[in-house]
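Colleague: One structure, as structure tokens, below. Some questions next.
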Amino acid sequence: MPRGAAARANELRSIAAAMPEADRIQDADLRQKVLEVWAEALAESSFGSLEEVPGEPEIDPSINQLSHQRAVAELAWRIADVMEEYLPGLRFDRDVLVAGALVHDVGKAYEYDPDRASRWRARPQAAGYPALRHPVYGAHLALRVGLPEEVAHICAAHSREGEGIQRSLEAVAVHFADFLYWELVAKARTGLSEAEVIRLASPADGLRAVPARHPRREPSS
Ligand SMILES: [Fe+2]
């Protein structure tokens, strides 16, 4: 095996070991592409692992992206369990649900990349700040590695970007699992809502903040 291919295979193995929830995906090709999209995202960023990618630093900087997305995958799975039990005839596509939950924030390795952030921050009039938020870039990455549009849709629509379109059943579950997660973290840590935490972290003049390491965002995950 060529050296580059061996390194990529190792990386895919370590990503798989870090998020065992991917084992719930029955379709082997889909499961492989979930690992590949994260490998791609990390390779083009300055982060060396999923654990290095921030979750929502303004809410709790101790929570990394890996921990967050594993919890969202579990929450979305249990939401599907409960709804299928209590609503006869309702069925989630569990493969799409788990794949979407595990990659919904894959664009964060791009949006939160400190090198890109300092370039965007220095000259927002050039390419914006951030140039693309993680839902948009995540959908791009998902399609680039060949993930199906059902999964790319979850990347694109899990956040407020999804408010202008009709979300799929699985995207609704991931959206609420994601927002519930951060809302509960914000409440548990500060007593405030996520929106209040973000508002307090923003400057009074309404300009986008200039954090030391990561771009700030509007209150939505
Ligand atoms: Fe998220």
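So the sequence shown is numbered by this note's numbering: it starts at -5 and just counts up by one. For every residue, glycine included, the Cβ atom is placed at its ideal position computed from N, Cα and C.
If you draw a straight line from the alpha carbon of S39 to that of Y104, how long is it in whole angstroms?
Modeller: Locating residue 39 in the sequence shown gives position 45, where the first residue counts as 1. Locating residue 104 in the sequence shown gives position 110, where the first residue counts as 1. Straight-line Cα distance between these residues: approximately 6 Å.
Colleague: Using only alpha-carbon positions, find the residue among G49, I73 and D109 that is nearest to V97.
Modeller: On the sequence shown, residue 97 is found 103 positions in, with the first residue counted as 1. Residue G49 is the option with its Cα nearest to V97.
Colleague: When you compare each of R110, A116, Q119 and P142 to H128 by their alpha carbons, which one comes out closest?
Modeller: What you label residue 128 is simply residue 134 of the sequence shown in a count that begins at 1. The shortest Cα separation from H128 among R110, A116, Q119 and P142 belongs to R110.
Colleague: In whole angstroms, give me the CA-to-CA distance for A120 and L186.
Modeller: Walking along the sequence shown from the start, residue 120 turns up at place 126. Walking along the sequence shown from the start, residue 186 turns up at place 192. Each residue's alpha carbon lies about 35 Å from the other.
Colleague: For G117, count neighbouring C-beta atoms within 10 Å of its own C-beta (all shown protein chains included) and say buried if the count is 16 or more, exposed if not.
Modeller: Looking up residue 117 in the sequence shown gives position 123. It should be pointed out that residue 117 corresponds to Arg in this sequence rather than to Gly. Exposed, because fewer than 16 other Cβ atoms sit within 10 Å of the Cβ of R117.
Colleague: To the nearest angstrom, report how far apart L137 and V130 are at their CA atoms.
Modeller: The sequence position of residue 137 within the sequence shown is 143, counting from 1. The sequence position of residue 130 within the sequence shown is 136, counting from 1. One C-alpha to the other measures close to 11 Å.
Colleague: Under 7 Å Cβ to Cβ from R64, same chain only, skipping five residues before and after it: list those, please.
Modeller: If you number the sequence shown from 1, residue 64 lands on position 70. Closer than 7 Å at Cβ, skipping near neighbours: M13 and E15.
Colleague: I'd like to check one pair, A74 with A167: are the Cβ atoms closer than 9 Å?
Modeller: Here residue 167 refers to the residue found at position 173 when the sequence shown is read from its first residue. Here residue 74 refers to the residue found at position 80 when the sequence shown is read from its first residue. Cβ atoms of A167 and A74: closer than 9 Å.
Colleague: So, using beta-carbon positions, are I53 and A180 closer together than 9 Å?
Modeller: The count along the sequence shown starts at 1 and reaches residue 53 at position 59. The count along the sequence shown starts at 1 and reaches residue 180 at position 186. Against a cut-off of 9 Å, the Cβ pair of A180 and I53 comes out as a contact.
Colleague: Would a C-beta distance cut-off of 9 Å place I9 and A37 closer than the cut-off?
Modeller: What you label residue 9 is simply residue 15 of the sequence shown in a count that begins at 1. What you label residue 37 is simply residue 43 of the sequence shown in a count that begins at 1. No.
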